[in-house]
Every structure is written in C-alpha cells, then in structure tokens.
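Chemist:
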Amino acid sequence: MKSIGWMIVLFISGILRGQNPDGTEILKRIDENQVTRNQVVVSTMTIHGRRGSRTLKAKSWIVGDEKSFSEYLAPPRDAGTKMLKLGDELWLYTPASDRSIKIAGHMLRQSLMGSDLSYEDMLENSRLSDRYSPELIGSEMVHGRDCWILNLTGKENDLPYAARKIWVDKERWIVLKENRYAKSGRLLKQTDVTDVFQVDGRWIPRTILFKDALSKGKGTEFHIDSLELDVDIPSAVFSKAALRR
Amino acid sequence: MLAVKLALRNLMGARLRTGLNIFVLSLSFIVIIWNKGLLNGWDQQARRDTIEWEIGGGQYWQENYDPYDSFTLETSHAPIPEAARTAVRQGELTPVLITQATIYPQGRLQNVILKGIDPDQRILKLPTAVLNRQGTDIPVIIGKRMAEDSKLKVGDRVMVRWRDANGTFDAADAVVVDIFKTNVSMIDVGVFWVPLATLQSMMQIGNEATLLVTAPEKGFDDTLPGWVFKDQEFLLRDITEMIAMKSIGGKIFFLILMSLAMLAIFDTQVLSIFRRQREIGTHIALGMTRRQVVGLFTVEGALHSVLAAVLAALYGIPLLGYQATTGLSMPAGTDDYGLTIADTIFPEYSLGLVVTTTLIVLVTTTIVSYLPARKIAKMEPTDAIRGKIL
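Protein chains in written order, with the numbering used here: chain A, -2 to 242; chain B, 7 to 396.
(1) Do the region 201 to 215 of chain B and the region 120 to 130 of chain B meet, that is, are 3 or more Cβ pairs less than 8 Å apart?
(2) For F35/B, tell me which candidate among V136/B, L130/B, T370/B and D162/B has the shortest Cα-Cα distance.
(3) DSSP has F198/B in a bridge; who is on the other side?
(4) Between S10/A and chain B, is the shortest Cβ-Cβ distance under 8 Å, so that the two count as touching?
(5) Starting from K174/A, find everything on chain D with Cβ-Cβ shorter than 8 Å and list it in chain order.
(6) How long is the line joining the alpha carbons of K42/B and R54/B, rounded to whole angstroms?
(7) Closer than 8 Å between beta carbons: that is the criterion. Which residues of the region 161 to 185 of chain B meet it against chain A?
(8) Grab the span of the beta strand (DSSP E) containing N35/A for me, first residue to last.
(9) Residues of the region 142 to 164 of chain A in Cβ contact with chain B at a cutoff of 7 Å, in chain order, please.
(10) In three-state terms, what does DSSP make of T78/A?
(11) Buried or exposed: which applies to A131/A, given that a residue is buried once 16 or more other Cβ atoms fall within 10 Å of its Cβ?
(12) Can you tell me where the beta strand (DSSP E) holding L103/B begins and where it ends?
(13) Quick check on I39/B: does DSSP put it in helix, strand or coil?
(14) Please look up how many angstroms separate the CB atoms of T276/B and P378/B, rounded, as I've assumed it's under 8 Å.
(15) Output yes or no for whether 8 Å exceeds the beta carbon distance between L120/B and T105/B.
(16) K213/A versus chain B: which residues are under 8 Å apart at the beta carbon?
(17) Going along chain B in order, which residues have a C-beta closer than 8 Å to the C-beta of K180/A?
(18) Looking only at its chain, what residues have a beta carbon closer than 7 Å to the beta carbon of I57/B, apart from the 5 residues adjacent to it on each side?
(19) Return the CA-CA distance between V118/B and V316/B, expressed in angstroms with no decimal places.
(20) Sorted by chain position, which residues of the same chain lie with C-beta nearer than 7 Å to K252/B's C-beta, five sequence neighbours on each side aside?
(21) Give me the residue from I38/B, L334/B, M18/B and L365/B with the minimum Cα distance to D349/B.
(22) Answer yes or no: do T217/A and L114/A have a C-beta to C-beta separation smaller than 8 Å?
(23) Is any beta-carbon of chain B found at less than 8 Å from that of L226/A?
(24) Which chain B residues sit within Cβ distance under 8 Å of R51/A?
(25) Flag L83/A as yes if its beta-carbon sits less than 8 Å from any beta-carbon of chain B, otherwise no.
(26) Counting Cβ pairs, one atom from each stretch, are 3 or more of them under 8 Å apart for the region 218 to 230 of chain A and the region 30 to 46 of chain A?
(27) Apart from the five residues on each side of it in sequence, which residues of its chain come closer than 6 Å, Cβ to Cβ, to S10/A?
(28) Using the C-alpha atoms, what's the distance from P133/B back to D176/B?
(29) Would you give the residue range spanned by the beta strand (DSSP E) that T191/A belongs to?
(30) How would you write the range of the alpha helix (DSSP H) that K150/B sits in, first residue to last?
(31) To the nearest angstrom, how far is it from the Cα of R284/B to the Cα of S265/B?
(32) Tell me L217/B's beta-bridge partners as DSSP assigns them.
(33) Do the region 147 to 155 of chain B and the region 240 to 247 of chain B meet, that is, are 3 or more Cβ pairs less than 8 Å apart?
(34) Report the three-state DSSP secondary structure of H83/B (helix, strand or coil).
(35) Would K236/B and Q65/B be called neighbours here (beta carbons separated by less than 8 Å)?
(36) I want to know whether the region 89 to 100 of chain B touches the region 175 to 193 of chain B - three or more CB-CB distances under 8 Å.
In structure tokens form, the structure reads like this:
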C-alpha cells in the first residue's frame, strides 16, 4: 500500500515536471531563441528626455558579442556617425571631424547617444545561461501572454547586473519583461517588450522600452525596423578603414 | 638743478596742458598698479585656498591617474604602500579614493565624482569630521555649488549608483550631512565627498587610494613605487597660467593708456620746441650748451611723470587703499568654470610693484621727451632767435 502511494507521488511529480520546465531549461531555450551567430539590423531609437524626444536611426552589422559596426542614418545631425566595436574596444567616427577616435573599454559602460542604454546593454548577445543561475519562481500574464518568472543570479562577480528577473513567454521563449538589479537589490533598469515578430523561426522583440528605474524619465524606445539573421557579413566591415568609407 | 627749476616753472606756466598730461599719466599709474594688485591678490588667494582645500603640500598620484580623463578612474587606484601608511597614521599624508557615480536628486540623473577621504584627516580644510556618523545611509558632504546645482540641502537623501571594482552596479541612499563653502571649485562642482572606508567597501577594494595628499609643512616626501609625486608648482600650474593670461589683458590696457599719455607728452614737446625757438636761441646765446638746452627740455618732459606720480599718490592711495580693504566683488557664477576665485578679491600691492611701475613710466616719459628735443642740437642760435629753424 505504501509503495503504491509513492508511485502516485512520483507519477504526479513527473507530470508537474513535464509541465514546468526548470529554470536552466528555460534559460537554455531563451538562449537558443535569442543568441544569433550574426545579424544585420536596421533600428530606430527614440530617446525621451525632459525637453522632448529625439529619434535616431541606425544600421548595424553584428557578429556574436565581439564585433559590431553601426552607422547612424538619421537625424541629419548624427547621420554618418559610425561606431566599430572589436572586443572591449570602441572606435567612433564623426563625419564633422572626419576623424576616428579610439575609446577605452570603459566607454562601453557609458550611455549610448544619451539614451537609457549603455553600449554594453546594446551589444549584449552572450548566453544568459553562461552568466546567470536561474530560479523559477512562478508564472504571470504579461501583455496577454502567459510567462514564466525567473530570478537570475550572477555566476561571476564581474557582471554589470548582479541579479535579474525575467518574464519569459511560455510558448515563444522570448523575454517580454525584465528587471535588472544592483548588488544591494535595488531595481536599476527595466525593459518591456511591447511587440514581437518572427524571423527564421525565432521570436524576436520588435519594440522594447528601456527605462532607468531610478530616474523619472520616460525611457528609451528601441524599435527594430528590419532584421536579417545569420547572414554572411564580410570581415572588411569590421575594420577601421570601414569607418571612413 | 637749474634745469629742474626752469622746467618746473615752464610746466606751471603751461597750466591746462600740463594738467591734462599729468592726469592721463597718473591714470596709467593707477591702472597698472590696480590691475597688477588685483591679479596679485587673486593669485595669492587662489594659491592659498588651493593648497588649504585641495592639494596640500603636493600629491602622490597613482601612476594611471589622469584628472582630465575620467575613464582612467577605474584603473587608477592601488593599495596604499606600507611606508605611506605610517605617514597616514602620523598625519603627514591623507589618502583620497576617486570613482565615478550617478546620483538621482528628485529623480533627475546627474553624473558625479565620488571622493573618499578619511573623516579624521587634518591636512585639508574640508569639514570631514562630520562624516564620522553612524547610520545605514552613506554620509556625504558637498560644496555650495554642488548643492545649488543638485538642489540638495543638509539632511536630504539622494540615491547614488556606482560600479564596484569588478564593474558591477550597486546603488544605495546617501544623506547630505554638511554643505561647505570654498573658493576651490574643483573640489566642489560635481563632487560627493564620502568616508574613505565606506567608498572602499562600496567599490569592494581593500585599503586602496587614487592619490595621497601630503601635509603642507613637514609632509611625507619619500619615493613610492607605482606613485608619482606632483609638487605644488605642478598642481598650481593652472592658476599660474591663468594669471599670466589675465595679466596680458592688463598690459594691453596699460599700453593703450601709456601710448595716449606718451603721445600727449611727445606732442607737447614738439609744440614747446616750435613755440620756444627764440627762448632756445637766447639760452644758447647766453652761454648754455646745446646739450644743456636738450637736457632742460628733456627734464621738462620727464617732470610730467614725477608730477603724475605725485598726483596719482594724492588720489590713488586713498582709492586703492579703500579697494584693498573692501575688495572687488566678482560676478555670480565666475567660479563655475573651474577657476579658483573668491566672491571678493582683495588686491595686494607691494612696494616692488609701485617702484617698478614708477620707473617704467619715468624712463618711458624721459625717452619720449628726449626724442623731439634732439632737434635743438642742430639749431643755430641766430636762426633760433629769429624763429627760422623749424
């Protein structure tokens, strides 16, 4: 009789495990969905400031989290500005000065064109599962989609954010909402994905609102106009000569 | 002596012309002394304040530190060497740790520099003792300009966000425990002063610092590997260069005034020689040599500067003395550009300054007076008496 009881318990827990994948598995699915070999993206970034908003349009060629090349297309004041990131070094080219400036790795931690994003936030493309230990804490509806809630704790002590909390679409394995925390547990940044689209079978966020949780600003809206995944990008794109072309 | 007497009599006879000349010349005296005195006062005050509030007797910089490149701050801190630790305990050195941070006063984002300093230090004039405070919030002291800029008052709490030595974000509340007033804007504008141990803990580093400030007298002066000593002259270089630049403006103004005065004296001399040909001829006819007559006219011109000095002393001493007591108020906001400048500058006049200025004016006036008088040497007395030379 006792053994039958144990069999029932094991059966039920097996069913539950089948319905609720553990945090590691969820994180793995997110990585599979969101980490790409390379991508070419045309995006629009709207920075909402106290004195109004400004919109920047850029085209970027990205390979993993090591190489990226961006060219600003609009507004006219910023058009022609180019950025090349190789490893933790950044080169910035401005047409007004017709000069390329090498900026130290620390610059990657600064605000990107006055937005709520830092360069490293923008260029983040490494696997979450490599950097964070997940813990599944429940589920919740976000923008009408059923989501898992995961608490992520940094595996190493050199991550910008010591902890994160993410809301993951249960079917599409895409992060729809995210909170990033300081070591003290203070909420620092929030992202909210309001629109998604599918490319080559992957679900990709189309519109993301980034917000500095400590400031009263309205945040920065990032919108993907077009995206090509896993396309061949000539290596010449990631050269300093390309900045002046 | 005769030349001086004659020259004085002639000058007195000219009345208005002499009066105008010596007035313009006296104005040149006053302007150069006032301008130099003002710059001297500013220079002395700025040096004194910078030493007392910021640089002490000199600073040891961690070898990567560059105050003009905030991106170097992440790598410009190192453990305080053992030799320096002894000096810190003896009050000969005080360590300062520097990092970047962001504050959110009333929800606004503002970048600041966090500077950690020992609350018990006595080397700098900063009121650091108030940082010795228990509590969960980070105690900070800020300057008046920073307080105005961030709209913070004593007792206000503000969120601070920073990155530790590994680059991980952290955030906590800070409370303003004191607002100090200083003329040194470099330690005020955009700076949050916190206890050194607190900042070391916030950055998750041990007993490290970015720079070590030495005491102005009997300070530490040993060699520290990995640290570069910057002496007072180096650290005060900005002030020296700024004063030198400002004094160029003063010199140009002085040159304009002197040129006007010299032009007037030159003109007066030419006119005198033209109008007094008969007198010149008579002097020579009565036995004076040409050189004596040239001397007479030169002394006459040069006496303008002596009389100008007397006139300048009459109205200048009370005027400049009054200004030295009450000072000159600087327009609001002058010190927001990184200049070390007091609300009121008190000019400092030295004997050397007065003597040098007097000599410059005397020599210049004498040369200008001599140039037209040279023509007298070529005069024939008979022609001169008939007024047919010029």
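Just so you know, even glycine gets a beta-carbon here, dropped at the ideal spot from N, CA and C.
Modeler: Based on what the coordinates show:
(1) yes
(2) If you number the second sequence from 1, residue 35/B lands on position 29. The shortest C-alpha separation from F35/B is found at T370/B.
(3) What you label residue 198/B is simply residue 192 of the second sequence in a count that begins at 1. Bridge partners of F198/B: L120/B.
(4) To locate residue 10/A, count along the first sequence from 1; it is residue 13. Low per-residue confidence applies at S10/A: pLDDT is 43, beneath 50, and the placement is therefore not dependable, though the value from the model is reported in the following sentence. Judged by the 8 Å Cβ criterion, S10/A is not in contact with chain B.
(5) The question asks about chain D, but that chain is absent: this structure's protein chains are A and B.
(6) Your numbering for residue 42/B matches position 36 in the second sequence. Your numbering for residue 54/B matches position 48 in the second sequence. Cα to Cα, K42/B sits roughly 18 Å from R54/B.
(7) M165, R167, R169, D170, N172, G173, T174, F175, D176, A177 and A178
(8) If you number the first sequence from 1, residue 35/A lands on position 38. Unbroken beta strand (DSSP E) run through N35/A: N35 to G46.
(9) N154, D155, L156, P157, Y158 and A159
(10) Here the question's residue 78/A lines up with position 81 in the first sequence. Three-state result, T78/A: coil.
(11) The residue given as residue 131/A occupies position 134 in the first sequence. Note that residue 131/A is Pro in the sequence shown, not Ala. P131/A should be labelled buried.
(12) Here residue 103/B is taken as the residue at index 97 of the second sequence, counted from 1. L99 to Y110 is the extent of the beta strand (DSSP E) around L103/B.
(13) Position 33 of the second sequence holds residue 39/B. Helix, per DSSP.
(14) Counted from its first residue, the second sequence places residue 276/B at position 270. Counted from its first residue, the second sequence places residue 378/B at position 372. Looking at the sequence shown, residue 276/B is not Thr but Val. Contact flag correct, Cβ pair sits at about 5 Å.
(15) Working through the second sequence from its first residue, we reach residue 120/B at position 114. Working through the second sequence from its first residue, we reach residue 105/B at position 99. For L120/B and T105/B, yes; Cβs fall inside 8 Å.
(16) Indexing the first sequence from 1 puts residue 213/A at position 216. Per Cβ cutoff of 8 Å: Q112, G113 and R114.
(17) The count along the first sequence starts at 1 and reaches residue 180/A at position 183. Result: D170, T174, F175 and D176.
(18) The residue labelled residue 57/B in the question sits at position 51 within the second sequence. Here the set comprises P222 and Q238.
(19) Counting from 1 along the second sequence, the entry for residue 118/B is found at position 112. Counting from 1 along the second sequence, the entry for residue 316/B is found at position 310. Taking the straight line joining both Cα atoms gives about 55 Å.
(20) Counting from one through the second sequence, the residue named residue 252/B turns up at place 246. Excluding sequence neighbours, K252/B sits near L45.
(21) For the purposes of this step, residue 349/B is identified with residue 343 of the second sequence, where counting begins at 1. Here the closest residue by C-alpha is L334/B.
(22) Counting from 1 along the first sequence, the entry for residue 217/A is found at position 220. Counting from 1 along the first sequence, the entry for residue 114/A is found at position 117. In this structure, L114/A lies closer than 8 Å to T217/A by Cβ.
(23) Locating residue 226/A in the first sequence gives position 229, where the first residue counts as 1. So no, L226/A is outside the interface.
(24) By 1-based counting over the first sequence, the position of residue 51/A is 54. Within chain B, no residue comes near R51/A; the closest Cβ sits about 16 Å away, beyond 8 Å.
(25) Taking the first sequence and counting its residues from 1, one reaches residue 83/A at position 86. So, not an interface residue.
(26) yes
(27) Position 13 of the first sequence, counted from the start, is the residue given in the question as residue 10/A. The pLDDT assigned to S10/A is 43, lower than 50, so where the model puts this residue is not dependable, and the model offers no usable value.
(28) Start at 1 with the first residue of the second sequence, and residue 176/B comes out as number 170. Start at 1 with the first residue of the second sequence, and residue 133/B comes out as number 127. About 27 Å.
(29) Taking the first sequence and counting its residues from 1, the one referred to as residue 191/A is at position 194. Run containing T191/A: L184 to V196, per the beta strand (DSSP E) assignment.
(30) By 1-based counting over the second sequence, the position of residue 150/B is 144. Element bounds for K150/B: K150 to S156.
(31) By one-based count along the second sequence, residue 284/B stands at place 278. By one-based count along the second sequence, residue 265/B stands at place 259. Distance between the alpha carbons of R284/B and S265/B is about 30 Å.
(32) As a working mapping, residue 217/B is identified with position 211 in the second sequence. Beta-bridge pairing links L217/B to W67/B and V102/B.
(33) no
(34) Residue mapping note: residue 83/B aligns to position 77 of the second sequence, counting from 1. Reduced to three states, the DSSP call for H83/B is coil.
(35) On the second sequence, position 230 is the one that residue 236/B refers to. On the second sequence, position 59 is the one that residue 65/B refers to. Yes, Cβ-Cβ distance for K236/B and Q65/B is below 8 Å.
(36) no
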